[in-house]
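All remarks here apply to the structure that follows.
Residue numbers (my numbering): -5 to 175.
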């Protein structure tokens, strides 16, 4: 019940304030993506939370969760790391650039063969457009380049398309959420 109350409060606050990219504001959300790397494709989900330490410049943390299946092969990957976003002036439409670097752990299982586990780093650099559907909530199409470097293998990279959903909260709204706990 406590989680439902907090979620309800979060959405209420999201629909009754102004678009937030000011110093001290917060963003909470995530991205869904489809990446192509050589002949493979994968879907990913990247939840994130960040803080605007300067006007229009946010830093934060994100987790990267990937799943794919090709024939008898199942693939899972998890990563975590920092990101930075730089926004350009705008009202309902705010262009931005985004970069991130994540540590990554991968597991590949092929029926009838051994399971393979690898670790490495994933980089992403892209540009997007925050399309504010109200004063605090934005849909964000993002295009960029993603590269994965695993120990003992050549780097693999390619074009990435993602769609994001972010809730932007000012410091007062975050204080209300903290008091609600």
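Quick reminder that beta carbons are idealized off the backbone N, C-alpha and C, glycines included.
Does the beta-carbon distance from residue i to residue j come in below 7 Å?
i, j, result
"residue 126", "residue 140", "no"
"residue 52", "residue 21", "yes"
"residue 137", "residue 91", "no"
"residue 71", "residue 112", "no"
"residue 95", "residue 75", "yes"
When the Cα atoms are used, what is the spatial distance from residue i to residue j?
i, j, result
"residue 7", "residue 56", "No answer about residue 7 holds up, because its pLDDT of 43 lies below 50 and its placement is not dependable."
"residue 171", "residue 47", "20 Å"
"residue 131", "residue 158", "11 Å"
"residue 78", "residue 123", "15 Å"
"residue 151", "residue 35", "11 Å"
"residue 205", "residue 38", "Nothing about residue 205 can be reported from this structure: the residues present for the chain run from -5 to 175 only."
"residue 166", "residue 24", "22 Å"
"residue 93", "residue 164", "23 Å"
"residue 10", "residue 19", "Caution is warranted here: a pLDDT of 41 is assigned to residue 10, below 50, making its placement in the model unreliable, and no coordinate value can be reported."
"residue 17", "residue 168", "13 Å"
"residue 156", "residue 148", "24 Å"
"residue 14", "residue 162", "5 Å"
Along the beta strand (DSSP E) that carries residue i, what are the first and last residues, could you check?
i, result
"residue 160", "150 to 163"
"residue 134", "131 to 144"
Bridge partners for residue i per DSSP, in chain order?
i, result
"residue 21", "44, 162"
"residue 100", "71, 112"
"residue 127", "In DSSP, residue 127 forms no bridge with anything."
"residue 79", "52, 92"
"residue 120", "92, 138"
"residue 106", "DSSP, once it has assigned bridges, lists no residue as partnering residue 106."
Give me the residue from the options with the minimum Cα distance to residue i.
i, options, result
"residue 40", "67, 134, 152, 166", "134"
"residue 63", "96, 84, 94, 102", "102"
"residue 65", "75, 104, 16, 45", "104"
"residue 109", "128, 81, 68, 43", "68"
"residue 114", "106, 97, 129", "97"
"residue 85", "129, 106, 75", "129"
"residue 154", "50, 161, 43, 116", "116"
"residue 49", "160, 142, 81, 144", "81"
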